[in-house]
Amino acid sequence: MSKLSFESVKKHFEQWNREQDVMEFETSSATVDQAAETIGVSPARIAKTLSFRGSEEKAILIVAAGDAKIDNKKFRQFFGLKARMLSPDEVLEQTGHAIGGVCPFGLKNDLEVYLDISMQRFTTVFPACGSTNSAIELTKEELFEYSGAKEWVDVCKGWGEDDETANVNQQIEV
């Protein structure tokens with residue numbers, strides 16, 4: 790399944806002629822920490838995709854910085870729903886991607902994608918690409934366009950509390 794999911798993401802990027810920019814690794818990038826170590830960036834720059842139960846049957850995808858956590862109160866205020874994550878089976882069913890490779894690209898279903906403002910402090914971020922050993926480096930603008938995101942939202946907490954480190958990391962990696 791992972792290979793098929795990875796191929797659907799590469800196909801998704803063909804429309805922007807970016808499929809060659811999808812990176813495949815020898816090691817796992819399934820978790821934020823593994824991805825950060827594999828790519829060589831701070832965990833905050835890993836753009837993780839979280840899958841929540843939406844109204845009706847469709848999932849809501851939130852792409853957030855690797856160091857961010859969902860703020861239940863903000864989520865409820867914005868969506869009018871309780872933040873309930875999908876099970877691994879439901880994630881696969883809704884997105885076509887297995888846990889560890891979930892991304893807002895090459896989706897099995899037409900899902901609503903939102904980008905959390907926790908990523909706006911970075912020039913580029915690294916979302917997964919449908920497998921547990923893939924990623925692509927995208928600017929915030931590219932992420933917004935390629936994911937078909939509806940809008941930027943503020944539904945996370947716990948990020949940027951160490952802005953000095955984030956700024957230093959950003960300068961080092963530029």
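In this note's numbering, the protein residues as written are 790 to 963.
Glycine included, every Cβ here is placed at the ideal spot set by N, Cα and C.
The bridge partners DSSP lists for K897 come to none. Taking M908 as reference, the option from D810, E931, F868 and N806 with the minimal CA-CA separation is E931. Look at the beta carbons and you see the region 874 to 890 not touching the region 929 to 943: under three pairs across the two are nearer than 8 angstroms.
Secondary structure of S923 (DSSP, three-state): strand. Rounded to whole angstroms, the separation of the alpha carbons of F868 and Q823 is 31 angstroms.
When L904, G947 and L881 are compared, the shortest CA-CA separation from L896 is found for L881. Within a 10 Å sphere around the beta-carbon of T816 sit fewer than 16 other beta-carbons, which makes this residue exposed. C-alpha of C892 to C-alpha of E845: approximately 21 angstroms in a straight line. L850 sits in a strand when the DSSP states are folded into three classes. Across the set T912, F911, D943 and F894, the C-alpha of F894 shows the shortest separation from the C-alpha of Q804.
With contacts defined as CB atoms closer than 8 angstroms, T820 and A917 fail to qualify as a contacting pair.
Pairing K799 with I925, the inter-Cα distance amounts to about 10 angstroms. In the assembly as shown, L904 is a buried residue. Its beta-carbon has 16 or more other beta-carbons within 10 Å.
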